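Chains A and B, in that order, are what the protein sequence lines are.
The first sequence begins at 1 in the UniProt record's numbering and counts up one residue at a time.
The second sequence begins at 1 in the UniProt record's numbering and counts up one residue at a time.
Step one of this worksheet: look at the structure below.
2 protein chains.
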Amino acid sequence: MILVFAGGVGAAKFLEGLVQVVPPEEIVAVVNTGDDFVLHGLMIAPDLDIVTCTLADLIDREQGWGIAGDTTACMEWLGKLGAPQWFKLGDRDLALHIQRTALLREGWTLSHVADHLRQALGVKVRIVPMSNDPAPTHIVTAAGEMHFERYFVERRAQDDVQDVRLHAAGPAQPTPELLDLIAQADHILLAPSNPIVSIGPILALPGVRRALQTTAVPIVAISPIVGGAAIKGPAAPLMRAMGYEVSAFGIAQIYADLIDTLVIDQLDQALMNSIKALGLQVVVTDTIMRDSAAKARLATVALQG
Amino acid sequence: MILVFAGGVGAAKFLEGLVQVVPPEEIVAVVNTGDDFVLHGLMIAPDLDIVTCTLADLIDREQGWGIAGDTTACMEWLGKLGAPQWFKLGDRDLALHIQRTALLREGWTLSHVADHLRQALGVKVRIVPMSNDPAPTHIVTAAGEMHFERYFVERRAQDDVQDVRLHAAGPAQPTPELLDLIAQADHILLAPSNPIVSIGPILALPGVRRALQTTAVPIVAISPIVGGAAIKGPAAPLMRAMGYEVSAFGIAQIYADLIDTLVIDQLDQALMNSIKALGLQVVVTDTIMRDSAAKARLATVALQG
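In structure tokens:
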């Protein structure tokens, strides 16, 4: 069983590579829920939906989120009725949020809901939310403390970041199966996701770091930073705010006490020795997942790492 | 001020006539909420929406409910995700349910929400839900007791009706302004709505019958039964189950202790004397609201009644 720590777009693409090289039934993605929030009374789970809809081949690949070909009739009418408009929700996309919210209100756990939704959409990879508790990521900025999605989407990451508060609603427990999954995994991979706000919230759950440090299997991370920049999303300002260099070396520092191997891009080859000096093995490859073959190739490298 | 007791389609059409002959700002519609129910975790309010969307000229006039030209992308995806499909909700229509549910969860009263939604859609008639408490109408049938919408929509009124249970969730209070509105009204009209499940739930609220019996202004009802049949909806089996003749005379019996005048259709002229024998005045006219002029004419007659 291959356990993948996952955020949104980068992780979803990486998982699309992985399912080409191993049977999807052998893959479990544990997904960040720090971005989850309530909007229009609906429980929105951005990373769970990006991973699920990408693996179901429904994702809008231009945007990286939402459902391809979706319409926005409901959203337009929500606007007429005075509802906030900063987070776009398509009509098909809304069905996921409505059904998730309805099932949670009926008493289902988020794990149960996530499993139901991925099965309903024909996804064979098992998708496990990191926690069944609310664990919002807050960004502390000069303009105040706000939920990650407000910082990133509503305010377009324009505010200077002072701090990141994980699990800002209070203590969150890992989803019940997570520590067992870590103990049972044959491979553990940290997908090329934002280390601060995607992988960070999973690692911050009680017992997760310890479980990773005690497992015998190698742990491999793929750097989401290539040539000193994030491929997508706000990793750069968040890493900088937390005191890290925005580079594959910064990624290595963040994960140094947890992983065995870091996969970095050939553009970052010059950083290999300084990363090795942190006690890590380094694999250099082309990490840009520009097509299906590139995704499969990166997955193969990560499994060998 | 003209106070209209209202259900769904019949009341909405009658109100369309009324706004042609008096300023809409002088009209208050108190609307049945006995049909309200929760579906997909969303608070659906069929009669409030029919009245609001008809007066906003948004209603799908073929169906009598829903929004004209609406699409069903979200509903189709809810189906893929295992959600029930028996109650059709359009994408634009869903915006009303989502926003209503969100505002209620934020602590707004249903009165406040109804007022916000009708204003957002440009409706000048004041729309007041009968109660801010849950007051579901249940139908007791040979197949069991069920919410009115399940009886009417899901099971297409196929079950033999044994009884009707109003306010089946327990005691409900009238919306705070309702008794004052009755005391202050210059005209009180009972729209041509189902007397058992549309007007009945409003009349069954504590204090409403007494307020109607003590007000000095004339109370006029328009019969929704013409030629022994309901123009729309399940009035016939429900009246029969409650021991009433399905006729304008049956309507007169139901309202006899409350109203002064019953407006009946010319098709039912033969019933005039037996209705008068109940102590009511009778106005005979064409009550079929086939076009805009017919609606206005009926409203004028009702105001004169």
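Glycine is no exception: its CB is placed at the ideal position from the N, C-alpha and C atoms.
Computed from a predicted model, the values in this text were never measured in an experiment.
Quiz item: Taking 8 Å as the CB-CB cut-off, is B/R118 touching chain A?
Solution: Interface with chain A (8 Å Cβ-Cβ cutoff): B/R118 is excluded.
Quiz prompt | chain B contact for A/G82 (CB, 8 Å cutoff) | solution = True, the Cβ-Cβ gap to chain B drops below 8 Å.
Practice problem: Can you give me, in chain order, the residues of the segment 11 to 43 of chain B that have a beta carbon less than 8 Å from any beta carbon in chain A? | Solution: Within the segment 11 to 43 of chain B, the residues whose Cβ lies closer than 8 Å to some Cβ of chain A are H40, G41 and L42, listed in chain order.
Self-check item: 8 Å contact criterion, which B/L110 and B/L117 should meet: CB distance rounded
Solution: No, B/L110 and B/L117 are not in contact; Cβ-Cβ is about 10 Å, not under 8 Å.
Exercise. Could you round the C-beta distance between B/V4 and B/L15 to whole angstroms and report it? I think they count as a contact, below 8 Å.
Key: Rounded to the nearest angstrom, the Cβ distance from B/V4 to B/L15 is 6 Å, consistent with a contact under 8 Å.
Quiz item: If we cut at 8 Å on Cβ distances, does B/D91 have a partner in chain A?
Solution: Cβ-Cβ to chain A under 8 Å: yes for B/D91.
Quiz item: Are the segment 176 to 187 of chain A and the segment 237 to 247 of chain A touching, with three or more C-beta to C-beta distances below 8 Å?
Solution: Two segments are said to touch when three or more pairs of C-beta atoms, one from each, lie closer than 8 Å; by this definition the segment 176 to 187 of chain A does not touch the segment 237 to 247 of chain A.
Practice problem: Report the three-state DSSP secondary structure of A/H97 (helix, strand or coil). | Solution: DSSP, read as helix, strand or coil, puts A/H97 in helix.
Quiz item: If contact means a Cβ-Cβ distance below 7 Å, which residues of the segment 43 to 69 of chain A contact chain B?
Solution: Result list empty, no residue passes.
Exercise. Check whether the Cβ of B/T71 lies closer than 8 Å to any Cβ atom in chain A.
Key: With 8 Å as the cut-off, B/T71 counts as an interface residue toward chain A.
Self-check item: Strand pairing of B/R92, partner residues [DSSP]
Solution: Per DSSP, none; premise fails for B/R92.
Practice problem: Can you give me the start and stop residues for the beta strand (DSSP E) that residue 346 of chain B sits inside? | Solution: Only positions 1 to 305 of chain B appear in this structure, which leaves residue 346 of chain B out of reach.
Quiz item: Taking the alpha-carbon positions, what's the A/V38 to A/I44 distance?
Solution: Each residue's CA atom was taken as its position, placing A/V38 and A/I44 some 6 Å apart.
Practice problem: Step through the CB atoms of chain B and report whether any lies within less than 8 Å of the CB of A/R105. | Solution: At least one chain B Cβ lies under 8 Å of A/R105.
Quiz item: Under a three-way DSSP split, which group does B/T54 fall into?
Solution: Here B/T54 sits in helix by DSSP.
Quiz item: By the criterion of Cβ-Cβ separation under 7 Å, what are the contact partners of B/T101 in chain A?
Solution: Correct list: G41.
Quiz item: Expressed to the nearest angstrom, what Euclidean distance is found between the alpha-carbon atoms of A/Q269 and A/D186?
Solution: The straight-line gap from Cα to Cα measures roughly 28 Å.
Quiz item: What residue from A/L298, A/A221, A/A191 and A/L212 has the CA that sits closest to A/G7's CA?
Solution: Nearest C-alpha to A/G7 among A/L298, A/A221, A/A191 and A/L212: A/A191.
Practice problem: Put B/I264 into one of helix, strand or coil per three-state DSSP. | Solution: Correct three-state label for B/I264: strand.
Exercise. Would you kindly work out how many angstroms separate the C-alpha atoms of B/S131 and B/D36, rounded to a whole number?
Key: Spanning the two alpha carbons is a distance of roughly 11 Å.
Self-check item: Proximity test, Cβ basis, 8 Å: B/I98 and chain A
Solution: With a threshold of 8 Å between beta carbons, B/I98 makes contact with chain A.
Quiz prompt | Under 7 Å from the C-beta of A/W77: neighbouring residues of chain B | solution = Identification of chain B residues near A/W77 by a Cβ-Cβ cut-off of 7 Å yields R92 and A95, ordered along the chain.
Quiz item: A/A277: which of A/T261, A/S292 and A/L58 sits nearest, CA to CA?
Solution: Out of A/T261, A/S292 and A/L58, A/T261 has the C-alpha closest to the C-alpha of A/A277.
Practice problem: Check whether the Cβ atoms of A/L267 and A/L212 lie closer than 8 Å to each other. | Solution: No, they are not a contact pair.
Quiz item: Taking DSSP as the reference, what is the three-state secondary structure of B/T214?
Solution: Helix.
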